[in-house]
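Enquirer: Questions regarding the structure given below will be posed in turn.
Numbering (our numbering), first residue to last: 14 to 190.
Below, the structure is given as structure tokens:
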């Protein structure tokens, strides 16, 4: 930076002061996650009953927003989740995966998120435009799998800027250590 640019910068910020440290940790959004399909180190397949493929009746595609709220989660929490109150700390993209691959990756992803103490993540299931019937295959399955995990407090369809109907934003239970 030249002296002129440096002086211009100092003049433009004036007498500003750094914000006080409030003790909160800010996680950078969109942490890069390894491609779990290629980097799996264990050769043991997941138990067949790890997550059921059964899709509950209330999840059938109605054209309305896809969401889930565990009993006890406050309506205000759901409202905040829909509005993007929490920063997305990590994401998993399930595009192009088979159902079995997607299930395994989702299990591993949620386990890692739990270990890291992450609060809000995005799961991209896609809109199904490339599937045989041009209908989302993983959308309802991913929602069903998320509902079966105890650490998932709630999820909702992503805002358009975050993926819209091709993704869900997931609020996770944070384990205090």
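Every residue gets a Cβ at the ideal spot worked out from N, C-alpha and C, and that includes glycine.
On the criterion of 16 or more Cβ atoms from any shown chain inside 10 Å, does residue 100 qualify as buried, or is it exposed?
Expert: Mapped onto the chain shown, residue 100 falls at position 87. Answer is exposed; the Cβ neighbour count stays below 16.
Enquirer: Can you tell me which of 113, 152 and 119 puts its alpha carbon nearest to the alpha carbon of residue 78?
Expert: Within the chain shown, numbered from 1, the residue matching residue 78 stands at position 65. Taking only the C-alpha atoms, the option nearest residue 78 is 152.
Enquirer: Measuring CA to CA, which of 84, 89 and 106 is closest to residue 119?
Expert: Residue 119 sits at position 106 when you count from the first residue of the chain shown. Looking at the Cα atoms, 106 is the closest of the given residues.
Enquirer: Decide if the segment 80-97 is in contact with the segment 120-129; the criterion is three or more beta carbon pairs, one per stretch, under 8 Å apart.
Expert: no
Enquirer: Please go through the same chain and pick out, in chain order, the residues whose beta-carbon is closer than 6 Å to the beta-carbon of residue 168, but skip the five residues on each side of it.
Expert: Here residue 168 refers to the residue found at position 155 of the chain shown. Only 81, 159, 181 and 183 meet the Cβ criterion.
Enquirer: In the DSSP assignment, what residue or residues form a beta bridge with residue 128?
Expert: As a first step, residue 128 is located in the chain shown; it is residue number 115 there, counting from the start. Looking at the DSSP assignment, residue 128 forms no beta bridge with any residue, so it has no partner.
Enquirer: Taking the C-alpha atoms as reference points, what is the distance between residue 104 and residue 150?
Expert: One-based indexing of the chain shown puts residue 104 at position 91. One-based indexing of the chain shown puts residue 150 at position 137. Residue 104 and residue 150: Cα-Cα distance of roughly 19 Å.
Enquirer: By how many angstroms is the C-alpha of residue 164 removed from the C-alpha of residue 177?
Expert: Here residue 177 corresponds to residue number 164 of the chain shown, with the count starting at 1. Here residue 164 corresponds to residue number 151 of the chain shown, with the count starting at 1. For residue 177 and residue 164, the distance between alpha carbons rounds to 23 Å.
Enquirer: Distance, Cα to Cα, residue 186 vs residue 130?
Expert: Numbered from its first residue, the chain shown carries residue 186 at position 173. Numbered from its first residue, the chain shown carries residue 130 at position 117. Taking the straight line from one Cα to the other gives about 8 Å.
Enquirer: Measure from the alpha carbon of residue 141 to the alpha carbon of each residue in 135, 154 and 132, then state which is nearest.
Expert: Counted from its first residue, the chain shown places residue 141 at position 128. Residue nearest to residue 141 within the set 135, 154 and 132 is 154 (criterion: CA-CA distance).
Enquirer: Which same chain residues, not among the five before or five after residue 89, have their C-beta less than 6 Å away from its C-beta?
Expert: Stepping through the chain shown from its first residue, residue 89 is reached at position 76. So no residue of the chain qualifies.
Enquirer: In whole angstroms, what is the alpha-carbon distance linking residue 137 and residue 34?
Expert: For this step, residue 137 is matched to residue 124 along the chain shown. For this step, residue 34 is matched to residue 21 along the chain shown. If I take the Cα positions, the gap works out to 34 Å.
Enquirer: Assuming the contact rule is C-beta atoms closer than 8 Å, residue 133 and residue 102 should be a hit. Round their C-beta distance to whole Å, please.
Expert: Sequence index remark: in the chain shown, residue 133 carries index 120 (1-based). Sequence index remark: in the chain shown, residue 102 carries index 89 (1-based). Indeed they touch by this definition, with Cβ atoms about 6 Å apart.
Enquirer: So, helix, strand or coil for residue 142, using DSSP?
Expert: To locate residue 142, count along the chain shown from 1; it is residue 129. Here residue 142 sits in coil by DSSP.
Enquirer: Starting from residue 169, follow its DSSP beta bridges and name the residues at the other end.
Expert: Numbered from its first residue, the chain shown carries residue 169 at position 156. DSSP lists 80 and 182 as partners of residue 169.
Enquirer: Pick helix, strand or coil for residue 54, following the three-state DSSP scheme.
Expert: For this step, residue 54 is matched to residue 41 along the chain shown. Residue placement at residue 54 is flagged as unreliable, the pLDDT there being 45, under the threshold of 50; the coordinate-derived value follows with that caveat. Residue state, collapsed to three classes: coil.
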